[in-house]
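Working notes for the structure below.
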Amino acid sequence: MVDLYAPAGPLPTYELPYHPVAAIDYDPVRQVLLEQKDLQEREQWLLRQQEKARRRQDAKFRVVCKRVIYFCTFYTILALFFFGYLNWYMYFQVSRNYPKLTGWQSALQMNPGLSQVPNPNIYNSLVRFRTREPLPYSKYQDEIVAFLHAYQDNTGCWEMEDCVQEGGFKQDVDRPCAYDLNAGGPCNIMNGYGFDTAQPCFALKMGKIYGWLPEPVEFATGVLVKCEGATEDDTNNLGTIRYFDMDYKFSAIAPGKNPGKVTNGSFHSMYFPYRNQFCYHQPLVFVQFDGARRNRLIRVQCYLIAKNIKVDISRLEGSTRFEILID
1 MVDLYAPAGP LPTYELPYHP VAAIDYDPVR QVLLEQKDLQ EREQWLLRQQ
51 EKARRRQDAK FRVVCKRVIY FCTFYTILAL FFFGYLNWYM YFQVSRNYPK
101 LTGWQSALQM NPGLSQVPNP NIYNSLVRFR TREPLPYSKY QDEIVAFLHA
151 YQDNTGCWEM EDCVQEGGFK QDVDRPCAYD LNAGGPCNIM NGYGFDTAQP
201 CFALKMGKIY GWLPEPVEFA TGVLVKCEGA TEDDTNNLGT IRYFDMDYKF
251 SAIAPGKNPG KVTNGSFHSM YFPYRNQFCY HQPLVFVQFD GARRNRLIRV
301 QCYLIAKNIK VDISRLEGST RFEILID
C-alpha cells in the first residue's frame, strides 16, 4: 500500500488528517516581499483616490469662484449703469438749487404750514413734565438745543448778513438774513427754556415754500402768529402767553429785559422769499406760557395770520395743535 502521509521529498511537511495533501511549500522572504508590494499598491491607490478628491474639490471651488466673480461683475456693472443714469437724470432733469414743482404745482400749494419745537413724536403731541423731576423734560430741552444749533454755528456762512438797520431793514434775495437768538428773551438755555420754572417755551416755525412771499395784514411787519386754547377753559388755564420775535431788534429794548408781546408774534418779512440760500435761517417766534395751571390737560392751538394764508385748524392748514400737562 502507498503511504499517503509519507514525506514527499526534502520539503518540510505538516500532517493534515482530513486532506490528502502531502506538503505545503512556505518561503518567509517571498511572503514578506509580497506583503510589501501589496502595501505599496494600497498606498498608491489611496494617493490616487486622494488626488482625485482634491481635484474634484478644486474643480468645485473654481466653479463657485467663477460664479461669484460673474455675479459680482454683473451686478457691479448694473449698479454703475443705474447710478450713472440716475445721476444723469438728476443733473439734467432735477435742479439742485430749486424744486422742479413750485408755486401752485407744489405739494403745499403756496400755503405754508406751522409747527413747533419741541414736538414729542409724530404720534403724540402731548408735552408733559414735572418741574421737580428734571430728567423727563430734559429731552424737550435737548430737542430745542439741537434744533437751534444751526442758528449758533455760522461757520462758513460768509453770505449771511444782518439785515436790521436803523429805521428799517435791507434785504438781498441772494443773501439770507441772520436770525438773532437773543430775540427769544427768557427762552434760552440759561433758563432751561422755561421748563425749570413751569413756564415752558416753544419755538414756532413756518414751512419753507420756495419763492413764497407773504402779504401781511395791515400794520404787520410780517406773518403774524397767535396761540390760544382750544376752548375758553383752555385759554384761561394757559395764563399769560408771551411772544418773542425779531421785532425787538427794531426797538431799544435790551435782550435781557425783553418782556415780549402779549397779542401775537411775527415772522418778519425780511426772511422771505426762501430760495434755498446757503445758510438760510428760518424765522422763529418763541412763545412762552407764563402761569399755566398745573395738573390740567391744556389744549393749545396756534395759527398764522396773513392775507395769502388759508387757515383750517381742523385740517392743520396754516396751524398747529399740541397739549401741555404740568404735574
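Following UniProt numbering, the numbering of the sequence shown begins with 1 at its first residue and continues without gaps.
Glycine included, every Cβ here is placed at the ideal spot set by N, Cα and C.
As the structure is a computational prediction, the values presented were derived from the model and not from experiment.
inquiry  = Helix, strand or coil for alanine 203? Go by DSSP, reduced to three states.
reply    = Taking the sequence shown and counting its residues from 1, one reaches residue 203 at position 203. Under the three-state reduction of DSSP output, alanine 203 falls in the strand class.
key: With 16 other Cβ atoms within 10 Å as the buried cut-off, status of isoleucine 77   = Locating residue 77 in the sequence shown gives position 77, where the first residue counts as 1. Exposed.
key: Beta carbon of glutamine 288 nearer than 8 angstroms to that of proline 134   = As a working mapping, residue 288 is identified with position 288 in the sequence shown. As a working mapping, residue 134 is identified with position 134 in the sequence shown. No.
inquiry  = Between which two residues does the alpha helix (DSSP H) holding isoleucine 69 run?
reply    = Translated into the one-based positions of the sequence shown, residue 69 becomes position 69. That run of the alpha helix (DSSP H) goes 28–93.
query = Between isoleucine 324 and proline 200, which are expected to be in contact by the criterion C-beta below 8 angstroms, what is the C-beta distance as a whole number of angstroms?
reply = If you number the sequence shown from 1, residue 324 lands on position 324. If you number the sequence shown from 1, residue 200 lands on position 200. Between the beta-carbon of isoleucine 324 and that of proline 200 there is about 7 angstroms, and that keeps the pair under the 8 angstroms contact cut.
Cβ-Cβ separation, valine 117 to proline 273 (assumed contact under 8 angstroms), whole Å = As a working mapping, residue 273 is identified with position 273 in the sequence shown. As a working mapping, residue 117 is identified with position 117 in the sequence shown. With a Cβ gap of about 23 angstroms, proline 273 and valine 117 do not count as contacting.
request  = Starting from alanine 305, follow its DSSP beta bridges and name the residues at the other end.
outcome  = One-based indexing of the sequence shown puts residue 305 at position 305. For clarity, residue 305 is isoleucine in the given sequence; the question names alanine instead. Note: isoleucine 305 sits in a beta bridge opposite Leu224.
message = Measuring alpha carbon to alpha carbon, tell me which residue in Asp327, Arg299 and Leu304 is nearest arginine 321.
response = On the sequence shown, position 321 is the one that residue 321 refers to. Of the candidates Asp327, Arg299 and Leu304, the residue whose Cα lies closest to the Cα of arginine 321 is Arg299.
ask   = When DSSP labels each residue in this structure, what does lysine 310 get in the three-state scheme?
value = Working through the sequence shown from its first residue, we reach residue 310 at position 310. In the structure shown, lysine 310 sits in coil (DSSP, three-state: anything other than H, G, I, E or B).
Host beta strand (DSSP E) of threonine 240 (start-end) = Residue 240 sits at position 240 when you count from the first residue of the sequence shown. Bounds of the beta strand (DSSP E) holding threonine 240 are 240–244.
Residue range of the unbroken beta strand (DSSP E) whose run includes glutamine 116 = Sequence index remark: in the sequence shown, residue 116 carries index 116 (1-based). Unbroken beta strand (DSSP E) run through glutamine 116: 114–117.
query = For residue 329, which residues of its own chain have a beta-carbon under 7 angstroms away from its beta-carbon, when the five flanking residues on both sides are left out?
reply = Beyond the ends of the chain as shown, which are 1 and 327, falls residue 329; an answer cannot be given.
request  = Using the Cα positions of glutamate 15 and arginine 54, report the straight-line distance between them to the nearest angstrom.
outcome  = Within the sequence shown, residue 15 is the residue found at index 15, counting from 1. Within the sequence shown, residue 54 is the residue found at index 54, counting from 1. For glutamate 15, the pLDDT reaches just 49, beneath the cut-off of 50, and the residue's location in the model is therefore unreliable, leaving the point undetermined.
ask   = Touch check for the segment 227–244 and the segment 256–266: three-plus C-beta pairs under 8 angstroms?
value = Yes, the segment 227–244 is in contact with the segment 256–266.
key: Neighbourhood of glutamine 93 by C-beta, 8 angstroms cutoff - its chain only, sequence neighbours within 5 removed   = Translated into positions along the sequence shown, residue 93 becomes position 93. Excluding five sequence positions before and after glutamine 93, the CB atoms of its chain that fall closer than 8 angstroms to its own CB belong to Lys100, given in chain order.
message = Would alanine 183 and tyrosine 248 qualify as a contact pair, given that the criterion is a beta-carbon distance under 8 angstroms?
response = Counting from 1 along the sequence shown, the entry for residue 183 is found at position 183. Counting from 1 along the sequence shown, the entry for residue 248 is found at position 248. Yes, they are a contact pair.
inquiry  = Assuming isoleucine 309 and proline 112 are in contact, meaning their beta carbons sit under 8 angstroms apart, how far apart are those beta carbons, in whole angstroms?
reply    = Indexing the sequence shown from 1 puts residue 309 at position 309. Indexing the sequence shown from 1 puts residue 112 at position 112. About 7 angstroms separates the two Cβ atoms, so the contact holds.
ask   = In three-state terms, what does DSSP make of phenylalanine 278?
value = In the sequence shown, the residue the question calls residue 278 occupies position 278. Note: phenylalanine 278 maps to coil in three-state DSSP.
key: Where the beta strand (DSSP E) through aspartate 290 begins and ends   = Taking the first residue of the sequence shown as 1, we reach residue 290 at position 290. Counting along the chain, the beta strand (DSSP E) containing aspartate 290 begins and ends at 284–290.
query = Hey, would you say isoleucine 189 sits closer than 8 angstroms to leucine 108, going by beta carbons?
reply = By one-based count along the sequence shown, residue 189 stands at place 189. By one-based count along the sequence shown, residue 108 stands at place 108. Cβ atoms of isoleucine 189 and leucine 108: not closer than 8 angstroms.
ask   = Is it true that the CB of leucine 114 sits closer than 8 angstroms to the CB of methionine 246?
value = Here residue 246 refers to the residue found at position 246 of the sequence shown. Here residue 114 refers to the residue found at position 114 of the sequence shown. Not closer than 8 angstroms, so no.
query = On the premise that serine 266 lies in contact with leucine 238, defined as a C-beta separation below 8 angstroms, what is that separation, rounded to the nearest angstrom?
reply = Along the sequence shown, one-based indexing puts residue 238 at 238. Along the sequence shown, one-based indexing puts residue 266 at 266. Between serine 266 and leucine 238 the Cβ distance is about 20 angstroms, and since that is not below 8 angstroms, they are no contact.
ask   = Between glycine 192 and glutamine 152, is the Cβ-Cβ spacing less than 8 angstroms?
value = On the sequence shown, position 192 is the one that residue 192 refers to. On the sequence shown, position 152 is the one that residue 152 refers to. No. Outside cutoff.
key: Limits of the beta strand (DSSP E) - the one that glycine 265 falls within   = If you number the sequence shown from 1, residue 265 lands on position 265. Membership of glycine 265 in the beta strand (DSSP E) is indicated by the continuous run 265–268.
task = Going by CA-CA distance only, name the one from Asp290, Tyr280 and Arg296 that's closest to threonine 155.
result = On the sequence shown, residue 155 is found 155 positions in, with the first residue counted as 1. Distances from the CA of threonine 155 to each of Asp290, Tyr280 and Arg296 were compared; the closest alpha carbon is that of Tyr280.
ask   = Alpha carbon to alpha carbon, how far is phenylalanine 81 from threonine 221?
value = Taking the sequence shown and counting its residues from 1, the one referred to as residue 81 is at position 81. Taking the sequence shown and counting its residues from 1, the one referred to as residue 221 is at position 221. Distance between the alpha carbons of phenylalanine 81 and threonine 221: 52 angstroms.
key: Local conformation of serine 319 per DSSP, three classes   = Within the sequence shown, residue 319 is the residue found at index 319, counting from 1. Strand, per DSSP.
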